[in-house]
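Numbering (this note's numbering), first residue to last: 11 to 112. Note that CB positions come from ideal geometry on N, CA and C, so glycine has one too.
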């Protein structure tokens, strides 16, 4: 399956989840798949070896949109941990999904 399509599926799963922990986990996976899609586009080959995670993190840190998305997801996770009832977390998650879907 294409990494871009998989990222879209993760975004939809995140959007449809009512559990903030699950939604944020799907957002993290979506960002990883977006990074993999960009890596494949640039290199012309799909890579699956022991350096993949390192390459994904490098791609996320050099891509402003992905880095911003990751930063916001991690911030949301921290906010959720600080405020266990999840006030406003759903709205925050939806704004991240909207920005990543562009």
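Can you tell which of the options has the C-alpha that lies nearest to the C-alpha of residue i?
i	options	result
residue 19	77, 93, 41 and 70	41
residue 74	44, 29 and 34	44
residue 14	46, 64 and 84	46
Let me know the secondary structure DSSP gives residue i once reduced to three states.
i	result
residue 57	coil
residue 73	coil
residue 29	coil
residue 12	coil
residue 82	helix
For residue i, does the count of other Cβ atoms within 10 angstroms reach 16, so buried, or fall short, so exposed?
i	result
residue 67	exposed
residue 88	exposed
residue 112	exposed
residue 34	buried
residue 57	exposed
Q.
Any contact between the stretch 18-35 and the stretch 98-106? By contact I mean 3 or more CB pairs, one from each, below 8 Å.
A. yes
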